[in-house]
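Asker: Please see the structure below; I have some questions.
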Amino acid sequence: MEIGPMNMQVLDARRDSNGGYKVDVSRGERIGRVSSEWFSRPADERYLSLTELGRAVSDRAERSRTRVVESALVHVEANRNDPERLALILP
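Each residue of the sequence shown is one higher than the one before, starting from 1244 at the first, in this note's numbering.
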C-alpha cells in the first residue's frame, strides 16, 4: 500500500489589538453532532469559557481522593431482587 504526499497548510498566527489570537470564522465548519452533545449535557456541565472549565476541573480535583487497596480485597456483590445492579465493595 502506497501513501501519497500529505497536504499541509501552515497559517500565520496573527494576534489582534487586544493581544489575543484572531479567529477566521469563515474557515471553520459547523459540526452538528458536537453542538447537540453540548446541549444534551446537564446545565452544570455546559462551560462557556475555558476559565469556567478550568475552575470546574480544579474543584473536582480538590474533592477527589485516591486510595490504594489490594485487588484481592475488592468484591462485587449482586442482588437477586435487582440483577442488573452490581455493588463494588471496598475494604
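Ideal Cβ positions, reconstructed from N, Cα and C, are used throughout, including at glycine.
Is any non-hydrogen atom of the ligand NAD found closer than 7 Å to the C-beta of A1304, if you look at the structure I gave you?
Answerer: Annotation note on the ligand NAD: not contained in the displayed structure, which lists no ligands.
Asker: Would V1319 and P1334 be called neighbours here (beta carbons separated by less than 8 Å)?
Answerer: What you label residue 1319 is simply residue 76 of the sequence shown in a count that begins at 1. What you label residue 1334 is simply residue 91 of the sequence shown in a count that begins at 1. No, the pair does not count as a contact, with Cβ atoms beyond the cut-off.
Asker: Helix, strand or coil for L1331, going by three-state DSSP, please let me know.
Answerer: One-based indexing of the sequence shown puts residue 1331 at position 88. DSSP places L1331 in strand when its eight states are reduced to three.
Asker: Could you name the residues that DSSP lists as bridge partners for A1321?
Answerer: Here residue 1321 corresponds to residue number 78 of the sequence shown, with the count starting at 1. In the DSSP output, where bridge partners are listed per residue, A1321 has L1329.
Asker: In chain order, which continuous runs of the beta strand (DSSP E) of length 3 or greater are located wholly inside the region 1275-1313?
Answerer: Within the region 1275-1313, no complete beta strand (DSSP E) run reaches 3 residues.
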